[in-house]
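Heads up: the protein sequence lines correspond to chains A and B, in order.
Per the numbering used here, the first sequence starts with residue 1, numbered consecutively.
Per the numbering used here, the second sequence starts with residue 1, numbered consecutively.
Before any comments, here is the structure.
2 protein chains.
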Amino acid sequence: MSQHRHPGAPGRAGAVPALPDLPEATVARLPEYLRALHNLADAGHETISSEGLSAAAGVNSAKLRKDLSHLGSYGTRGVGYDVALLIEQIEYVLGLTQRRAVALVGVGNLGHALAGYDGFASRGFRIAALLDADPSRVGEEINGLVVRHVDELPAVATEESIAIGVIATPAAAAQRVADQLVAVGVTSILNFAPCVLSVPEGVDVRKVDLAIELQILSFHEHRKASLTALPATGGSALTALPGGLAATDTQEAIGT
Amino acid sequence: MSQHRHPGAPGRAGAVPALPDLPEATVARLPEYLRALHNLADAGHETISSEGLSAAAGVNSAKLRKDLSHLGSYGTRGVGYDVALLIEQIEYVLGLTQRRAVALVGVGNLGHALAGYDGFASRGFRIAALLDADPSRVGEEINGLVVRHVDELPAVATEESIAIGVIATPAAAAQRVADQLVAVGVTSILNFAPCVLSVPEGVDVRKVDLAIELQILSFHEHRKASLTALPATGGSALTALPGGLAATDTQEAIGT
DNA sequence: CGCGATTTGTGCACGTCTTCACAAGCGCCT
DNA sequence: AGGCGCTTGTGAAGACGTGCACAAATCGCG
C-alpha cells in the first residue's frame with residue numbers, strides 16, 4: 001500500500017487514468033455491490049461497513065473488502081465506506097459514467113421483453129435501436145422505438161455509437177447477426193441464443209442461456225433426491241447437505 | 001480408473017445409483033455439451049471426438065475430457081464418444097430423464113416472454129403453472145395456460161409436483177414469493193429479480209440479472225477504450241489484448 | 001498377428017479465487 | 001492527550017479450476 005493509486009477522479013474528464021486490471025471474478029461482483037449500494041443510498045445510509053454491504057450483496061465480507069481494495073483505498077478504518085463515493089467509483093470503473101447505447105437484434109418473444117425491460121435504462125444503458133430480419137416485424141413500434149431491418153445496421157451504427165450488441169434471435173440466425181455486429185465495429189456482445197458464437201480476437205461475448213440455468217438446478221434437484229433416497233450414513237442427509245453443493249455463483253442459505 | 005463406477009443405468013428405474021459429486025464448474029458446462037451433442041446427433045454423427053465436441057461447445061478439449069471422465073468412462077480410445085450414449089448419460093446425470101415441472105411467478109414483461117419461450121419445453125422442462133399477484137392479470141391465458149393468483153401456490157403444488165420455481169417479479173416482491181415457494185416445498189429457484197434472496201439451507205438459488213451482464217461488458221468496453229487511448233508500450237494495444245481479458249465464462253475469440 | 005495411427009483418460013504443475021486471521025489506522029470518549 | 005473499540009486492508013494458506021503432455025487403449029490394415 002502506501003502509494004495510494006491515483007483515484008479514478010470520475011469527475012475529471014481529463015486523461016484516462018488507466019484502469020487497474022481487476023480479477024474477472026471481482027468484475028463480475030461489482031455490479032452486485034453497485035445495486036446494493038444504490039439501495040442503501042435510497043434508504044438514507046451515508047456510510048456502510050463491509051459487513052453490512054456484503055450482507056446486502058450476498059457475499060463474504062472478506063471477499064468484498066478484497067474486491068474493493070482493488071479499486072483503491074476508499075474506506076475509512078473504524079467507520080466503513082462512504083456510500084456515495086463508492087457508487088461513484090464503481091460506476092466509473094464499470095464505465096457507466098456515460099450512458100452506453102445498446103443495439104438489440106431479434107424482436108421475437110424474448111427480444112420484445114428485453115426491449116421493454118426498464119432495468120436497462122435505470123442501470124446505465126439506453127436501447128438505441130431495435131432490429132429484426134423478419135420484414136413483417138419491421139416498422140413495429142415498441143416502447144417508442146421503431147423496429148428496423150437488420151441490414152440497416154451499418155446506418156444505425158453511423159447514427160449512434162453502438163457500444164454493445166444484444167442478440168435475441170433464434171440460434172440459427174445468431175452467428176450471422178454476430179458477424180454483422182462485428183462488421184460495424186461492435187466489440188461487446190450479449191448472446192441469448194443457445195449456440196456458440198465465433199468472433200475475432202478482441203471481441204467479448206457473454207452468453208445467457210435460460211435453459212442451462214434450469215438444467216443446472218435440475219442437477220442439484222436430482223442430486224438432493226438421490227441423497228435423501230439413500231439410508232445415509234449417520235444423520236439426516238437433508239440437514240447434512242455439504243456446503244460444497246453451493247455453486248460458485250449460486251447463492252445458498254444466506255443466514256437469516 | 002480400474003474400478004469402473006457402475007454406470008448410471010438410465011434405463012433401469014431401480015435403485016438410485018448415487019450420483020458422483022461433480023465439480024460445480026463441470027456441472028455448469030454439461031448443459032452446453034448436451035446442446036452440442038443434440039446438434040451433432042441431428043446432423044447424423046454417431047460418434048464424436050473430444051476435439052470435435054469441444055469445438056462445438058466452445059471449450060478446451062482437455063477440459064471436456066476431464067469433465068466427461070467424471071461421469072465415468074464412456075469414450076472409446078481411438079474412436080471417440082458415442083453420441084447417443086453420451087446424451088443419455090448427461091441427461092441422466094442432470095436429472096432430465098423426467099420432465100420437470102416449473103412454476104413461473106410473475107407474468108409481467110419478462111415473465112410473459114419466459115412463458116412463451118419454447119426452449120424450456122425442448123430441453124426437458126414443462127411450465128406447469130403461471131402465477132401473479134396482480135388480480136388484473138389473473139385469468140389471462142398465455143400459451144394455453146391460465147394465470148392463477150400467487151396465493152393459489154399451495155393448491156398448485158398439490159396438483160403438480162413442482163421441481164423448480166422461477167421468479168420474474170419486480171425486486172420488491174421477490175423475497176415474498178421466494179418464501180412462498182419454499183413454504184410449498186420448492187428447493188430450487190431461478191431468480192430474475194435484481195435482488196439477493198435469503199432462503200433456508202438446502203434450497204438452491206440461481207440468479208440471472210440481465211443488467212449485470214451488460215455492466216460486465218461495459219467494464220471491458222471501458223477497459224479496451226482506456227487501453228487504446230494510451231500510447232502503449234510497443235505494439236498496438238488492440239492486438240496485444242491480454243488473454244486475461246477473457247472472462248471465466250466469457251467465450252472470446254474462438255479460432256475460426 | 002503385429003504395428004501404427006488415433007484418441008481417451010489422467011498425473012502434474014500452474015494460475016486464480018477464496019477465506020482466515022491479524023496488524024494498521026481511525027474516531028470517539030474520558 | 002491517551003486509550004479503547006471498531007473496521008479496513010492484506011499476507012498467507014488452502015481450495016479449486018485449467019491446460020499440458022503423455023501413457024494406455026482401441027481400431028484398422030497389411
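Quick reminder that beta carbons are idealized off the backbone N, C-alpha and C, glycines included.
As the structure is a prediction and not an experimental result, all values here were calculated from the model.
Residue i beta carbon near the ligand GDP (any heavy atom closer than 7 Å)
i	result
Leu227 of chain B	Inclusion of the ligand GDP in the displayed structure is not the case, the ligand content being empty and no account of it being possible.
Minimum C-alpha distance to residue i - residue among the options
i	options	result
Pro170 of chain B	B:Ile90, B:Val196, B:Gln215	B:Val196
Arg77 of chain A	A:Ile48, A:His70, A:Gln98	A:Ile48
Glu32 of chain A	A:Gly144, A:Glu91, A:Ala172, A:Asp118	A:Glu91
Gly193 of chain A	B:Glu24, B:Ile167, B:Asp118, B:Ile189	Checking the sequence shown, residue 193 of chain A turns out to be Ala, not Gly. Ala193 of chain A has its Cα closest to that of B:Asp118, out of B:Glu24, B:Ile167, B:Asp118, B:Ile189.
Gly108 of chain B	B:Thr97, B:Glu88, B:Val147, B:Gly75	B:Val147
Ala25 of chain B	A:Ile216, A:Ala225, A:Arg223, A:Leu227	A:Ile216
Glu213 of chain A	B:Asn60, B:Arg123, B:Gly75	B:Arg123
Glu221 of chain B	A:Ala62, A:Ala113, A:Thr187	A:Thr187
Leu86 of chain B	B:Val79, B:Glu141, B:Leu68, B:Arg99	B:Leu68
Val182 of chain A	A:Ser226, A:Val105, A:Leu227	A:Val105
Ile127 of chain B	B:Gly139, B:Arg99, B:His149, B:Val138	B:Arg99
Ser226 of chain A	B:Leu227, B:Gly95, B:Ser54	B:Gly95
Cutoff 6 Å; reference residue i; Cβ partners in own chain excluding five residues on either side
i	result
Thr184 of chain B	In the sequence on display, residue 184 of chain B carries Val and not Thr. Answer for Val184 of chain B: Leu153, Pro154, Ala157, listed in chain order.
Ala129 of chain A	Ala103, Val156
Phe125 of chain B	Arg100, Val102
Arg65 of chain B	Ser50
Cutoff 8 Å; reference residue i; Cβ partners in own chain excluding five residues on either side
i	result
Glu46 of chain A	Asp82, Val83, Ala84
Supposed contact pair residue j and residue i - C-beta distance, whole angstroms, cut 8 Å
i	j	result
Leu30 of chain B	Val102 of chain B	Not really, about 19 Å apart at Cβ, beyond 8 Å.
Leu71 of chain A	Pro20 of chain A	7 Å
Asn39 of chain A	Ala56 of chain A	7 Å
Val143 of chain A	Gly116 of chain A	One detail in the question is off: residue 143 of chain A reads as Asn in this sequence, not Val. Asn143 of chain A to Gly116 of chain A, Cβ: 5 Å. Contact.
Val208 of chain A	Val208 of chain B	6 Å
Ala276 of chain B	Ala113 of chain A	Since the first and last residues shown for chain B are 1 and 256, residue 276 of chain B lies out of range.
7 Å CB neighbourhood of residue i in its chain, flanking five on each side removed
i	result
Tyr178 of chain A	One detail in the question is off: residue 178 of chain A reads as Ala in this sequence, not Tyr. Cβ within range, chain order: Ile167, Ile189, Leu197, Val199.
Val205 of chain A	Ile189, Asn191, Leu197, Val199
Gln180 of chain B	Val150, Leu153
Glu160 of chain A	Ala101, Ala128, Ala129
Ala41 of chain B	Val83, Ala84, Ile87
Span separating the alpha-carbon of residue i from that of residue j
i	j	result
Asp151 of chain B	Ile164 of chain B	17 Å
Ala174 of chain A	Ala133 of chain A	11 Å
Lys63 of chain A	Arg223 of chain A	29 Å
Ala211 of chain A	Ser218 of chain A	10 Å
Ser136 of chain B	Leu145 of chain B	16 Å
Leu131 of chain B	Ile162 of chain B	13 Å
Gly75 of chain A	Ser61 of chain A	14 Å
Ala121 of chain A	Ser73 of chain A	30 Å
Thr97 of chain B	Ala36 of chain B	18 Å
Gly234 of chain B	Thr228 of chain B	Any answer about Gly234 of chain B is weak, because its pLDDT of 41 lies below 50 and its placement is not dependable; what the coordinates show is given next. Between Gly234 of chain B and Thr228 of chain B, the C-alpha separation is close to 12 Å.
Val138 of chain B	Glu141 of chain A	27 Å
Leu53 of chain A	Gly202 of chain B	24 Å
Arg176 of chain B	Gln89 of chain A	32 Å
Ala43 of chain B	Leu34 of chain B	14 Å
Gly80 of chain A	Glu51 of chain A	9 Å
Review point. Which residues, taken in chain order from the segment 59-71 of chain A, show a beta carbon closer than 7 Å to some beta carbon of chain B?
Key: none
Exercise for review: Could you list the residues in the segment 159-193 of chain A with a C-beta less than 7 Å from some C-beta on chain B, going in chain order?
Suggested key: Ala163, Ile164, Thr187, Ser188, Leu190
Point to revise | Residues of the segment 117-133 of chain B whose Cβ lies closer than 9 Å to any Cβ of chain A, in chain order | key: Tyr117, Asp118, Gly119, Phe120, Ser122, Arg123, Gly124, Phe125
Point to revise | the segment 136-149 of chain B: positions lying closer than 9 Å to chain A by Cβ | key: none
Check your understanding: At a Cβ cut of 8 Å, what residues of the segment 97-112 of chain B count as close to chain A, listed as they run along the chain?
Key -> Arg100, Val102, Asn109, Leu110, His112
**Study point:** Residues of the segment 40-60 of chain A whose Cβ lies closer than 8 Å to any Cβ of chain B, in chain order
**Key:** Ala56, Ala57, Gly58
Point to revise | the segment 211-224 of chain A: positions lying closer than 9 Å to chain B by Cβ | key: Ala211, Ile212, Glu213, Leu214, Gln215, Ile216, Leu217, Ser218, Phe219, His220, Glu221, His222, Arg223, Lys224
Point to revise | Near-chain B residues of the segment 193-205 of chain A - C-beta to any C-beta below 9 Å | key: Residues Pro194, Cys195, Val196, Leu197, Ser198, Val199, Pro200, Glu201, Gly202, Val203, Asp204, Val205.
Review point. Using a beta-carbon distance cut-off of less than 8 Å, what residues from the segment 72-94 of chain B approach chain A?
Key: Considering only beta carbons, the part of the segment 72-94 of chain B lying closer than 8 Å to chain A consists of Val93, Leu94, in chain order.
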